[in-house]
Structures are given as C-alpha cells and as structure tokens.
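Each remark here refers to the structure printed beneath this line.
In the numbering used here, the protein residues as written are 18 to 735.
Printed below as a string of structure tokens:
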C-alpha cells in the first residue's frame, strides 16, 4: 500500500456547508503500480457518505482505474515509554552516600576549627596581668582563617557535586510522563486497477468530501468614474468556516445552492396504442431468496452424529431373521439424504405457487410411494444374493392425499369452475433501495446475531470502528467521543450571525448560481467571518437626477446599471465610491443575469428646484350649474453643476371613478409621459446645460356639479 500526503486544492462553499477537494500527484514506483493507496490526515467531521475519488492524467495516458474507496481511522500509535536504566542507578546512589558522608565530616571539621580561639593567661586578682604573647596568637588566628577558607571552598565543591548526582538520580528514578496521545484523523484507502494497456507517467488523484461547518454572505464595492459613465463592481465573499482544517492557497467557489437537496425529476408516461403489454423485467437485479432462515436450519438443529458399529454379516441361519430397515434400501438406491438439498427443497416449496405440491416427508414415510413410482425396476435388477438378504417389501402404502386445488371439480373450458375464480397476477419483483446498492457497506449477519440471514447495512463510521478495534485493541482513545466532539465543533460556524447589514444568499427566482474566485485564498477555521475578494466586473452606468416637487424639492441622484449576461447579483451591502472618494453605503437588490438595477446616491445640492401653483374656481350654467376648478403647476430647475444633467420631474394628476367628475389637461409644456408602473403619475425629462435653468408647466381643470365639493377642499395644489 502506498501512503500519500494530499493537499487542499479547491473549496466550494454553499449556502450551508462546503465541498473540499484534495489533490495529490504520484508516479509509478519501481516495483509497479500499487493495488491500494492511502490518504490520511482527513478531518473527523467530514460526511462519510460524500467521499468521491477521481483520477486524472496531467501528462497524458490512461489505463489506471479507481475501483473501490474505503474509510479508515488514522492514528499514530505512540512509542512505549523506555524503562529506567537500573544499571546506572546503583553507582549514583553509592556516590550520593559517599558525598553526603564527606560533606558531614567536613562540617564537623569546620566546627572544630571555629572553636580554635586564643585565650588570655589567667593570673591572680591581686597581681598584675600576665604578659600576652602576641606572635603565637597571631599565628593561631592566621591558621584558623586559612583552614576555614579552604574548608568552605571544599564544602561548596562537595555540595555542587552532591546536587548534580541527586539531580541525575532523580531523572533516572522518576518515571517519564506519557506522551500526549496523537491526534485522530480519518483516512481513505483507494483500490486501483491497472488495465493491460496502461500508460500514465503521472497520476493525479482528486478526493472530495462534504463539510457542514461553512457559510458565506456577499458584499460589494461599486466604484464610479467622475462622469458616472463607467462603474467597476467588485464582489467580496464573507466566509466563516469551522471544518477542523485551515484552507491555505485554495481555489474558491461560492454558490447560492444547498450542498445537498432532493429534486424530483419529471417522469413522462408513455402513451401506447394497442393491447396493454406486461412491463419488461428490469435487468441486473434478482429478488432475494424467499426464506433466508432456511439457510440456518442445519445450524439450529445441530444433530449429534452417533456412529453405529457394524455387525458382521451372518451367512448362516434364516436370511430373513434380521430384517433390514427400509431406509437402508432407499439410501442404497437413492444415496444418503443431503441436508443442504433438503433445505433447498424447503425453500422452493415455500416460494412455489399454490398449484405445485412438494412432498417434504421423511424417507421412511415416503419409501413405498417412491418405490411405486419406478424404483422397483432398479430393485429388480439387484443381485439375487443381495435380494435374499432383504426382507420382503411391506404392503403398498396409500399415496399422499391430493390438495384441495387438485380435488376441485372440473368445469368446462380452460379455467376451473366456480364463480369466485380470479386470475392471480404474479407479484412484481422488489425494487432495490439505495441502501441495498451500497455493496461496500453491506455484510451478512452471523448465525447468532439478530437479523441473521439478511444483509445488514452499517455506516462507514461503524465499519471504521470495527476495523479500529481489530487494529488497536488496547488504544486509550475514546473514538466515539472524539468524533462527536469534532462534529459538534464543526457546526459552530452555522451558529454565527451574519455581519451587520449582510444576509445569507438564497436562490434567485428558483435559480442558483456559482461564483468562481479569481485568486487563491487563505482562510483559517476559527468560526469567524473573513472577507476575501471574489471577482470584478465592468458595468455601463447612466446617471439620472430625480425630483418629486410635490413631496420635496430635494434632487436625488440615481444611477442605472446593466448587469453582465453571465453574472447574477444576490442582495448585499455595497460601498459606493466616486474615484477614490467614499460616497455612501446602500443595499444592492437581487439582480438576474443581464438585468438592470438602480442605486440611489443621495441628494445633490447643486441643483435647485422651485414649484409654484395657481388656482381659479368658476361656475357656469343656470339650471344645472357646473363648478370648474383650474389648477396650474410650474416647476423651475436651475443647474449649478459644471456639466449637463438629465433631470426627471415626477408629478401626479388626480384620478376619479365618478362619471360626473371630469379631469381635463388644458396645457402641458413640455410634453410628459405616463409611468406605467404608477397609475396617475407622469414625468418630464429635462436636459439642463451647465449653469442654465429650465421650466415645466401644467394646467388642468376639474369639472363637477356645483352641488359637490372635493374632500379636503377644492384647491388641490398647494
């Protein structure tokens, strides 16, 4: 088996979760292509069912196939702690005792030297003091100081040697601490198969798996030029992952889709003309045996085989004195009964149709019946000597009674008589489930296990644990606890809220999109959001100034941008710049590929707008008088910028459903256009050169019976 070290090359982050792809290159060893390769160092939190492997050939060639993928646990068993060297302990202990003894003797010698003090000679009290010998006393003091200095130096030297020996002795006698357990990982074993014409100088193995702990949210940077004619849209991805591994120098892709979702495919029922035909049986699948418990019938019985001693044949006397059991005759003619054949016959009888009758009686019960069916001919051909030793055959026994279906009265025609007869259609073959097709994870339960005789499905983790117990029976690791902790830590990223003003992506009108990063990234697995650049696109922009003078005279800047045909924009915050100057932060809406969207850029104080109104009320007619309300609106805009502006002025016109009230436009300069999305709202579009002013005017009248009055007053414009 060839062990390989893989590296993360690409990551695709979905709405919740990610797919990690690892790659490793290897060449053919001198001894030939191995049958298996092993990739270790995989995180414990990966989804076992999502493992996929693929082979590619960067330098050309083919002929190597990956046929199987098995999951294992990767753990480096620690080396045993070395035992202390007992041969070096005893000399050190003897040296320690010797140094302690010398140090104690030296301390006693120093104490005696310190007691060497000169004393004055004694003299009677009534006499003068005796003469004091100075030179001997001085010599004694000098000798004492010399002995003390030499003794103290020797004591320091002995103390250092004793400390060194004691430390070394403690190192040898103190048991070494056990090394920390090696981290536990997952590993995969890939089985390879080589074709006869295989030729591949370099093989690249791609391994992909799913991880649950990853999320992302989009944000944008929109940079305009000074003329607002071009815009550069940069998309960033705020990523958060806690997959248990760091992503270093990887290709990044993000998607608005779920990492896994169930989608029903449409099935179009075919329309056939003519007589209905039976559905053809699906090839490649056969139903399971009808009764798998019969496989263990012999195991449950487990008869005790007793060997009967053979008696010598008696050639004298009456040849019929000792009758031979009938079973011996049948055994000789038919052979000994095979227990496996009996089990097969029982299984066939359980699955047979009701019209088929199988006799499962013991050979003793069916002996004469079988003899009557033609076995007497074989007995008649036996040797005469052997026949004289046999007992005469007993009287013929009755045949087995017929089943009720066989004894039913016959009716005319081809079907049995009886009004309740209905043709029984054979049951359809069972459809295999996805679990039954996971051949690598199926195993046959033993005879003493529950569900014996049936294929049992176990998860890849259960298979790993079984292999782990066989490989490391004395391991101190609690594998289940470590895996559960890894799974718990991997979902921490899903519990982190999105950054302020950010939202997690969703599908756009039922469609999901994939975005590929332009550069490789590094991302730690710390369950924190990190911003990474994703892609940049150039967009065409059109700047428009908008004002609704009936509501406010402030002029708002609004830019209209056209998205790229291959770029869908999910909603997210956008920072707007004009050149290198920050302008505003706003929210970008969902935009389909090739769609247009608008962004508000705030109020422009360089454009002034004034709105003036006029009102005149008159009554006409004598018998049926009519009230006419004339409204006049004038909007004047002044451009104080150094460039021409395109100003859109929106005004409303009263709407009525009453037939007796009429609204008429008397004059409108310049002409305006209705806004289809807003009933009753019209707009003027004025192009105002730099430093100039333009005016738009409107006059309309409302005619209604004099007995009526508008709610809120007849004057509509203020």
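Cβ coordinates follow ideal geometry from the N, Cα and C atoms, glycine included. Just so it is clear, the structure is predicted and the values come from calculations on it, not from any experiment.
Contact under 8 Å by Cβ, residue i with residue j
i	j	result
residue 700	residue 653	no
residue 34	residue 228	yes
residue 266	residue 22	no
residue 667	residue 572	no
residue 714	residue 651	yes
residue 201	residue 511	no
residue 753	residue 587	In the structure as shown, the chain starts at 18 and stops at 735, and residue 753 therefore has no counterpart that could be examined.
residue 288	residue 26	no
residue 207	residue 222	yes
residue 557	residue 579	yes
residue 697	residue 669	yes
residue 480	residue 88	yes
residue 237	residue 708	no
residue 28	residue 224	no
residue 276	residue 36	yes
residue 251	residue 550	yes
residue 230	residue 62	yes
residue 648	residue 632	yes
Unbroken beta strand (DSSP E) run spanning residue i, endpoints
i	result
residue 568	Taken as a continuous stretch (DSSP letters only), residue 568 belongs to no beta strand (DSSP E), as it is neither H nor E.
residue 257	247-258
residue 206	202-216
residue 2	Since the first residue shown for the chain is 18 and the last is 735, residue 2 is missing from the structure and cannot be characterised.
residue 69	69-73
residue 615	613-620
residue 20	19-21
residue 509	Here residue 509 belongs to no beta strand (DSSP E), and DSSP marks it neither H nor E.
residue 274	Per DSSP, residue 274 belongs to no beta strand (DSSP E) and is neither H nor E.
residue 597	Run containing residue 597: none; DSSP gives neither H nor E here.
residue 679	679-686
residue 24	24-30
Enclosing alpha helix (DSSP H) for residue i [first to last residue]
i	result
residue 37	First-last for residue 37: 35-44, but that is the beta strand (DSSP E), not the alpha helix (DSSP H).
residue 477	477-488
residue 721	Residue 721 -> not in any alpha helix (DSSP H); beta strand (DSSP E) instead, spanning 710-722.
Residues near residue i in its chain [Cβ-Cβ closer than 8 Å; skip 5 each side]
i	result
residue 19	43, 46, 51, 53, 54 and 55
residue 619	573, 574, 600 and 601
residue 636	642, 643, 644, 645 and 723
residue 120	172, 175, 176 and 179
residue 151	none
residue 576	241, 245, 248, 558, 559, 560, 561, 615, 616 and 618
Residues near residue i by beta carbon distance below 6 Å, same chain, minus five either side
i	result
residue 682	717
residue 179	116
residue 271	30, 233, 254 and 532
residue 719	646 and 680
residue 593	239, 600 and 601
residue 462	468, 469 and 473
residue 4	Any question about residue 4 goes unanswered here, given that the chain covers just 18 to 735.
residue 85	208
residue 725	none
residue 684	716
residue 727	none
residue 676	none
Same chain, Cβ closer than 7 Å to residue i, neighbours up to 5 away in sequence not counted
i	result
residue 81	50, 72, 209, 211, 215, 217 and 220
residue 689	699, 700 and 701
residue 249	240, 553 and 555
residue 711	654, 703 and 705
residue 662	562, 624, 656 and 705
residue 582	610 and 611
residue 444	none
residue 485	90 and 496
heavy atom of the ligand HEM below 7 Å from residue i C-beta
i	result
residue 287	For the ligand HEM, the structure offers nothing, since it holds no ligand at all.
Quick test of the definition: if touching needs 3 or more C-beta pairs under 8 Å, does the region 65-75 touch the region 473-482?
As far as the Cβ criterion goes, the region 65-75 touches the region 473-482, which means the pair count is three or higher.
The region 234-245 / the region 73-91 touching (three or more Cβ pairs under 8 Å):
The region 234-245 is not in contact with the region 73-91.
Between the region 599-619 and the region 517-528, are three or more C-beta pairs nearer than 8 Å?
With a cut-off of 8 Å, the region 517-528 and the region 599-619 count as touching, because enough Cβ pairs lie within range.
Count Cβ pairs between the region 493-513 and the region 211-225 that sit closer than 8 Å; are there 3 or more?
The region 493-513 makes no contact with the region 211-225; the number of CB pairs closer than 8 Å stays below 3.
Should the region 541-554 be called in touch with the region 256-275, which here means at least 3 C-beta pairs below 8 Å?
With the cut-off at 8 Å, the region 541-554 and the region 256-275 touch.
Contact between the region 165-181 and the region 119-133 is defined here as three or more beta-carbon pairs at a separation below 8 Å; is this criterion met?
Taking a cut-off of 8 Å on C-beta distances, the region 165-181 touches the region 119-133, as three or more cross pairs fall below it.
Three or more C-beta pairs closer than 8 Å, one from the region 105-121 and one from the region 170-190: is that the case here?
Contact between the region 105-121 and the region 170-190 is present: three or more C-beta pairs spanning the two stretches fall below 8 Å.
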